[in-house]
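Working notes for the structure below.
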Amino acid sequence: SCIGMWHEKIYHFWPHKAPSSAGYEIHTEFFVSISDLPEAMHALYEIAELFRDYVQITELRAVKADNNPLSPANGRDVMGIHWTWKHDFENVMKAVEPIKVALEPFNYTVHWGKYFGHLDHDYTRKIYGDDFDALNTLI
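Residue numbers for the sequence shown follow my numbering, beginning at -8 and rising by one.
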């Protein structure tokens, strides 16, 4: 059946085996509107030589819109573009920056629990607006 909990359907790693890199990797995930995915992927292919040597695997996943503040899918159906990087932090830090530049026209959002580098304050405010300000006030 296709209906059920995600963790019963899609394994990132087999539950009965250790991950192939034993967890020694870095993860990044940016989200764009589903309607922007073809153009966003084209933009990434244009700069792939800047990061391809550091990638173990890239995955795409669809996420239904929600209304959770600071959610990558807040108010729109999105596609997550996920990278599992080799554990080469210096080069991953360099690789993420041109990816963000390529995805900026598509108003990318981030997975807050994965590496995304520095977010410019103006960009963060543009994308997250009042939600970010409310959280910032609480902190």
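The beta-carbon is built from N, C-alpha and C at its ideal position, and this holds for glycine as well.
For the candidate residues His109, Val23, Ile17, Tyr15, whose alpha-carbon lies nearest to that of aspartate 68? Val23
State the Cα-Cα distance for the pair valine 87 and alanine 39, rounded to the nearest angstrom. 11 Å
Out of Phe42, Ser62, Gly71, Thr49, state which residue places its alpha-carbon closest to the alpha-carbon of phenylalanine 123. Ser62
Between threonine 100 and lysine 91, what straight-line distance do the alpha-carbon atoms span, to the nearest angstrom? 10 Å
So, is threonine 19 buried or exposed, given that buried needs 16 or more other C-beta atoms within 10 angstroms? buried
Phenylalanine 21 versus Ile118, Ile130, Leu129, Thr128, residue with shortest Cα-Cα distance: Ile118
Expected contact under 8 Å - CB spacing of methionine 70 and leucine 28 to nearest Å: 5 Å
Quick check on the burial criterion: 16 or more other C-beta atoms within 10 angstroms. Buried or exposed for phenylalanine 80? exposed
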